[in-house]
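Residue numbers (our numbering): 177 to 632.
Here a beta-carbon is modelled for each residue, glycine too, at the ideal position from N, C-alpha and C.
Read through the structure below, which is laid out as structure tokens, and then see the notes.
Dropping the structure here:
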């Protein structure tokens, strides 16, 4: 549906039809966002942090690349005269590029003929086709494996495939043995949703109004430089999520979220203290892009550290983030028009200070739930890897993240059975095979945690 709606946008000639198409596309975008986060949590559970960072890194890549795809097809001309019936344009034609003002359109129909923005939408729709085919192949592969596992009742594969889509089965059982009350679950969910509301709203507001602030604020950047500043923000946003993938394997979500909050507050503070400095504006934008980038996946990982994040809770968190992304640009735009450019850094600072308060409350609740180890061990530098979690690819540096701690994965089951079959010598027909005595080299430890047979 996303591909179809994207392809239909250029052919919409009526505003009501365009609104319906965008509403349907937004609905399915929300479904994709929610389902992807839910399944990442169900698969990797408390080890989900680096995988969520990788998922949201590609969100940042898309936000950075998509304007570049659309830019060659834009009509470098202000068409507000034809739409609003005004007598003066909203933008200065001299600042819109070297080709601005050359052979301008005399009507809206002529402007629509000159522009080729529909090609940009169709290119984006074509880029989604391989994703659709890949998703269909995964669904078909899962259906085939379910049928194959059904022929072997009681096997490990069948149990895993039946539980991975069952929302009533937790991804990983609680090993702390500490009961979590309903009020604590609701409190953690609300605090996390509030954090996402603030920072997704701040992300949308900053990315939407940094251009206007740079042009109309005290720095008075040229329009071309302000456009590069906007691209710099989204570029640093994508780079910050890329860096967070590696950091998430070493640092706990609580420490990463603390760094995010402090970094964003520092960037806005510099912009408030030196509003006329172009260098400070660039530095503050870079800090905001880097430290704001990983707030959503880190906050989601932090919630998973405290409580079991069910699909319903994940939907609530995603809704809070979407609500902030929808409302904050409207609020900031109203204040920007009423007060002036100074409202931009002040609003950003208020949001950062509110996030500090919310982080403090989330830390207090999480410290209570995690017990005595609390902040300085499990929260800051993460728990030690359990037996069987090392991948062997990079010894003592990369842990093997998997929800299947009590079962072998599909590949390891098949390969391990093949290895055992090939290693056993053929027995005479009259001789019965005796069960092998349990040794330390057995692929399953006495604690019940499976080990990788290739690490023996």
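- Proximity winner among 186, 360, 425, 375, relative to residue 439 (alpha-carbon distances): 375
- Compare the C-alpha of residue 229 against each of 476, 408, 512 and name the closest. 476
- Taking DSSP as the reference, what is the three-state secondary structure of residue 387? helix
- Query: Between 409, 233, 395, 367, which lies nearest to residue 382 when the distance is taken from Cα to Cα?
  - Reply: 409
- Between the stretch 226-246 and the stretch 392-404, are three or more C-beta pairs nearer than 8 Å? no
- Query: Taking all protein chains shown into account, do 16 or more other C-beta atoms lie within 10 angstroms of the C-beta of residue 389, making it buried, or fewer, making it exposed?
  - Reply: buried
- Message: Going residue by residue through the stretch 179-235, where are the continuous alpha helix (DSSP H) segments of at least 4 residues, counting only ones entirely within it?
- Response: 191-220
- Using the beta-carbon count (16 or more within 10 Å), is residue 377 buried or exposed? buried
- CA-to-CA distance, residue 305 to residue 297, given in whole angstroms: 13 Å
- Under the three-state DSSP convention, the category residue 382 falls into: helix
- Query: So, residue 193 versus residue 181, is the Cβ gap smaller than 8 Å?
  - Reply: no
- At least 3 beta-carbon pairs within less than 8 Å: the stretch 502-512 vs the stretch 210-229: no
- Task: Can you tell me which of the three DSSP states residue 308 falls into?
- Result: helix
- Buried or exposed for residue 373, please, with buried defined as at least 16 other CB atoms from any protein chain shown within 10 angstroms of its CB. buried
- When you compare only the Cα positions, how much space is there between residue 386 and residue 326? 56 Å
- With 16 other Cβ atoms within 10 Å as the buried cut-off, status of residue 414: buried
- Apart from the five residues on each side of it in sequence, which residues of its chain come closer than 8 Å, Cβ to Cβ, to residue 483? 356, 360, 361, 364, 365, 489, 545
- Are residue 474 and residue 226 closer than 8 Å when you measure CB to CB? no
- Which residues mark the beginning and the end of the alpha helix (DSSP H) in which residue 404 is found? 399-424
- Item | C-alpha distance - residue 186 paired with residue 318, whole-angstrom precision | 36 Å
- With a cut-off of 8 Å on the beta carbons, I'd call residue 370 and residue 183 a contact; round off their distance for me. In fact, because the Cβ distance is near 37 Å, the residues do not count as touching under 8 Å.
- Query: When the Cβ atoms of the stretch 204-214 are set against those of the stretch 490-510, are three or more pairs found closer than 8 Å?
  - Reply: yes
- Task: Label residue 320 either buried or exposed according to how many other C-beta atoms from any shown protein chain fall within 10 Å of its C-beta, with 16 as the threshold for buried.
- Result: exposed
- Query: Where does the unbroken alpha helix (DSSP H) through residue 292 begin, and where does it stop?
  - Reply: Looking at the DSSP string, residue 292 is not in any alpha helix (DSSP H), and its letter there is neither H nor E.
- Query: Taking just the CA atoms, how far does residue 468 sit from residue 195?
  - Reply: 30 Å
- Enclosing alpha helix (DSSP H) for residue 514 [first to last residue]: 487-514
- Using the C-alpha atoms, what's the distance from residue 324 back to residue 464? 50 Å
- Query: Taking the C-alpha atoms as reference points, what is the distance between residue 454 and residue 481?
  - Reply: 41 Å
- Message: As a quick exercise: from 322, 316, 249, pick the residue whose alpha carbon is nearest that of residue 295.
- Response: 249
- Query: According to the Cβ coordinates, are residue 459 and residue 446 closer than 8 Å?
  - Reply: yes
- Message: Rounding to the nearest angstrom, what Cα-Cα distance links residue 322 and residue 526 in this structure?
- Response: 52 Å
- Query: Under 8 Å between the Cβ atoms of residue 517 and residue 393?
  - Reply: yes
- Query: What residues in its chain sit with their C-beta under 6 Å from that of residue 534, if we drop five residues either side in the sequence?
  - Reply: 367, 370, 371
- Exposed or buried, residue 466, counting other C-beta atoms within 10 Å across all chains shown (16 or more means buried)? buried
- Message: Just verifying my parser: in three-state terms, what is the DSSP assignment at residue 428?
- Response: coil
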